[in-house]
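Input: a single structure, listed below in structure tokens.
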Amino acid sequence: MKKVICFLLIVMLVFLPSCKTVSDTDSGFDNNTKTGKVFTGDINDKKFTRFRQSDYCSHCQFVQTYKGCYYCKNRFIYFSSDGISKYMKLCSKPDCLHNDRDENCNAYANTHLIAYYDRYIYYISVCQNSYWLCRMSMDGTDHKNIKPIASAKEGCTAFFEHGYLYYYKGFLGLLGNVNTAIYKTAVFDNSESVVVLDVKDKGIAVDDFAWFYPQDGYIYIYSYSPETEYSLCRYSMETGKWSDFVNTEMCCQSVFTEENKVYWYLFDDGFYEYTYETGITKRVADAVAEGFYAISYNDEYIYAFQYSDKRDSGVAPMFYIYDRQYKLIDSVLIDIEMEDYILSVYLTELEDYVLLTSSLINKPPDYYLLKSEFGSGDIKVRKIGE
Ligand SMILES: [Zn+2]
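Counting the sequence shown from 1 gives a position; our numbering is that position plus 5.
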């Protein structure tokens, strides 16, 4: 059961090898991006370009910007100006029906992976038998191919952070991978990709290489073995040094990494912390309750939300809110009809809201909680767009 949530994440990142003919295949750099090695946008953008480790949709599926929120679902881009108004397909063409695989629809990007950087939305799409880094304007117009990053045959597992794309040539989590390197490339110019690291250097065999993500100058790597389950290590892009392994047992979605510590949760057991400086793992708090709870760690809160081992269980998920010292602040029953009770009801959080979904697979967020109600003992589950 431990692998359920992680499995979902991986499935959703697999790209379908259908081809959207992107409207403009020149490299399309304007004067602002041609030589833009240095970040030239608003410094506050850094918030919007950070890797969203705590999201329960797939990573790089939800993007917050100064204009509003973008959400990538079933290969379309949706937009909500404030995060809690209805998520609409990002296309303003008057006669467009926004149909699936309609290459003329501005919202259709044939992608599962988006990011914001310096006034553009970037995405990965399959075209001409390759995975391409592409971009579009923030209003959905002007799609451009920037550079190919992997062949369709190789496959691609990729994440954005701070204007760079980090990627692996293959589908991590699935069998049959042959590569062990992770590449990095800038989104803002057409420079070549470079190899950041090779997991072989840390003694990780290709079949054990389970997952990775970039975060604040590190690449975090999960390896898997049947005896110990998941173990985490990190590579510093600044010093070129690897950390020791931390045996979290869980993969990334119930684990949270920071500069000094690693945090994770084990079912029917409790919360754990590992400190890099001492190399010591401690069990720091008891389990939420019996059963399956997924955990999301955020700046101020820890959310624990129930899910089921049955798709149609009909059991409304409980949602617990803790502070970062594991003190229970409040809880609420999310009494909505879920399309699939195996999936997470929690999607992400914004400054003032927690976004929920009745269908992680098929819909943009459709419910939310107000953080200002946390601690009141009377948290309401609100419908997005109402
Ligand atoms: Zn359209």
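Cβ atoms here follow ideal geometry from the backbone N, Cα and C, with glycine treated the same way.
No experiment lies behind these values; they were computed from the predicted model shown.
What residue range does the beta strand (DSSP E) around D335 cover? The count along the sequence shown starts at 1 and reaches residue 335 at position 330. For D335, the enclosing beta strand (DSSP E) starts and ends at 333-338.
In angstroms with no decimal places, state the Cα-to-Cα distance between K376 and L102. Against the sequence shown, residue 376 aligns to sequence position 371. Against the sequence shown, residue 102 aligns to sequence position 97. Those two C-alpha atoms are separated by around 36 angstroms.
At what residues does the alpha helix (DSSP H) containing F53 begin and finish? For the purposes of this step, residue 53 is identified with residue 48 of the sequence shown, where counting begins at 1. Under the DSSP assignment, F53 falls in the alpha helix (DSSP H) whose first and last residues are 50-54.
Answer yes or no: the CB of H405 versus the heavy atoms of ligand 1, is any distance below 8 angstroms? Here the chain comprises residues numbered 6 to 391, so residue 405 is not present and cannot be evaluated.
Taking DSSP as the reference, what is the three-state secondary structure of D206? Counting from one through the sequence shown, the residue named residue 206 turns up at place 201. Of the three classes helix, strand and coil, the one that applies to D206 here is helix, per DSSP.
Measuring CB atoms only, is the stretch 60-76 touching the stretch 111-125, in the sense that at least three cross pairs come out at less than 8 angstroms? Enough Cβ pairs lie closer than 8 angstroms, so yes.
Round the Cβ separation of I389 and Y372 to the nearest angstrom and send it over; I've been treating them as touching at under 8 angstroms. Working through the sequence shown from its first residue, we reach residue 389 at position 384. Working through the sequence shown from its first residue, we reach residue 372 at position 367. Between Y372 and I389 the Cβ distance is about 6 angstroms, and since that is below 8 angstroms, they are a contact.
In whole angstroms, what separates the C-alpha of F297 from that of A114? Along the sequence shown, read from residue 1 onward, the residue named residue 297 stands at position 292. Along the sequence shown, read from residue 1 onward, the residue named residue 114 stands at position 109. When rounded, the distance between both Cα atoms is 35 angstroms.
Sufficient close CB pairs (3 or more, under 8 angstroms) joining the stretch 157-165 to the stretch 196-211: Contact between the stretch 157-165 and the stretch 196-211 is not established, with fewer than three Cβ pairs separated by less than 8 angstroms.
Let me know if S241 comes out buried or exposed under the rule of 16 or more other beta-carbons within 10 Å of its beta-carbon. The residue labelled residue 241 in the question sits at position 236 within the sequence shown. S241 should be labelled exposed.
Going by beta carbon distance, what residues of the same chain come within less than 6 angstroms of C74, once the five residues before and after it are set aside? Working through the sequence shown from its first residue, we reach residue 74 at position 69. Cβ neighbours of C74 beyond the five flanking positions: S85, G88.
Inter-residue spacing [alpha-carbon to alpha-carbon] between C139 and Y171: Taking the sequence shown and counting its residues from 1, the one referred to as residue 139 is at position 134. Taking the sequence shown and counting its residues from 1, the one referred to as residue 171 is at position 166. Rounded to whole angstroms, the gap between the alpha carbons of C139 and Y171 is 14 angstroms.
Note the first and the last residue of the continuous beta strand (DSSP E) segment covering F379. Stepping through the sequence shown from its first residue, residue 379 is reached at position 374. For F379, there is no enclosing beta strand (DSSP E), as DSSP marks it with neither H nor E.
According to DSSP, is V211 helix, strand or coil? For the purposes of this step, residue 211 is taken as residue 206 along the sequence shown, with counting starting at 1. Three-state DSSP puts V211 in a helix.
If I'm right that S349 touches F310 with Cβ under 8 angstroms, what's the distance once you round it to whole angstroms? Stepping through the sequence shown from its first residue, residue 349 is reached at position 344. Stepping through the sequence shown from its first residue, residue 310 is reached at position 305. Rounded to whole angstroms, the Cβ separation of S349 and F310 is 6 angstroms, and the two are in contact under 8 angstroms.
Determine the DSSP secondary structure at S97, reduced to helix, strand or coil. Here residue 97 refers to the residue found at position 92 when the sequence shown is read from its first residue. If DSSP states are grouped into helix, strand and coil, S97 belongs with coil.
Own chain residues within Cβ distance below 8 angstroms of L180, not counting five before or after: Taking the sequence shown and counting its residues from 1, one reaches residue 180 at position 175. Counting only Cβ-Cβ distances below 8 angstroms, and skipping sequence neighbours, we find D212.
If we ignore side chains and look at the alpha-carbon of each, how far apart do V320 and E232 end up? The count along the sequence shown starts at 1 and reaches residue 320 at position 315. The count along the sequence shown starts at 1 and reaches residue 232 at position 227. Distance between the alpha carbons of V320 and E232: 33 angstroms.
Contact belief for Y169 with T190 at Cβ below 8 angstroms, rounded distance in angstroms: On the sequence shown, position 164 is the one that residue 169 refers to. On the sequence shown, position 185 is the one that residue 190 refers to. Beta-carbon to beta-carbon, Y169 and T190 are separated by about 7 angstroms, close enough to satisfy the 8 angstroms threshold.
Determine the burial state of G145: buried for a count of at least 16 other Cβ atoms within 10 Å of its Cβ, exposed for fewer. Numbered from its first residue, the sequence shown carries residue 145 at position 140. Burial check for G145: the Cβ neighbour count within 10 Å reaches 16 or more, so the residue is buried.
Which one of F193, K205, S198, V199 has the shortest CA to CA distance from V183? Start at 1 with the first residue of the sequence shown, and residue 183 comes out as number 178. Nearest C-alpha to V183: K205.
Return the chain-ordered ranges of every alpha helix (DSSP H) run that is complete within the stretch 76-128 and spans a minimum of 4 residues. Correct list: empty.
State the Cα-Cα distance for the pair K287 and F272, rounded to the nearest angstrom. Within the sequence shown, residue 287 is the residue found at index 282, counting from 1. Within the sequence shown, residue 272 is the residue found at index 267, counting from 1. The C-alpha of F272 is placed about 16 angstroms away from the C-alpha of K287.
If you reduce the DSSP assignment to three classes, tell me which class C74 lands in. Taking the first residue of the sequence shown as position 1, residue 74 is located at position 69. Under the three-state reduction of DSSP, C74 is assigned to strand.
Grouping DSSP H, G and I as helix and E and B as strand, with all else coil, what is Q66? Taking the first residue of the sequence shown as position 1, residue 66 is located at position 61. It is coil, neither helix nor strand.
Are there any heavy atoms of ligand 1 lying less than 8 angstroms away from the beta-carbon of N79, as far as the coordinates show? By one-based count along the sequence shown, residue 79 stands at place 74. Residue side-chain check: N79 keeps its Cβ at 8 angstroms or more from all non-hydrogen atoms of ligand 1.
Going by C-alpha distance, which of E378, Q258, I341, F379 is nearest L361? Counting from one through the sequence shown, the residue named residue 361 turns up at place 356. When each option's Cα is compared against that of L361, the closest is I341.
Consider the C-beta atom of C65 and the heavy atoms of ligand 1; say whether any pair is separated by less than 8 angstroms. As a working note, residue 65 is residue 60 in the sequence shown. Answer for C65: no, Cβ out of range of ligand 1.
Please return the same chain residues whose Cβ sits closer than 8 angstroms to the Cβ of K91, not counting the five positions on each side in sequence. For the purposes of this step, residue 91 is identified with residue 86 of the sequence shown, where counting begins at 1. Closer than 8 angstroms at Cβ, skipping near neighbours: S85, I389, G390.
How big is the Cα-Cα spacing for E378 and E305? Position 373 of the sequence shown, counting from 1, holds the residue named residue 378. Position 300 of the sequence shown, counting from 1, holds the residue named residue 305. Near 14 angstroms, if we compare the C-alpha coordinates of E305 and E378.
Those residues which DSSP pairs with Y298 across a bridge: On the sequence shown, position 293 is the one that residue 298 refers to. In DSSP, Y298 forms a bridge with Q311.
Which residue marks the beginning of the beta strand (DSSP E) containing S236, and which one marks its end? Position 231 of the sequence shown holds residue 236. Residues 234-241.
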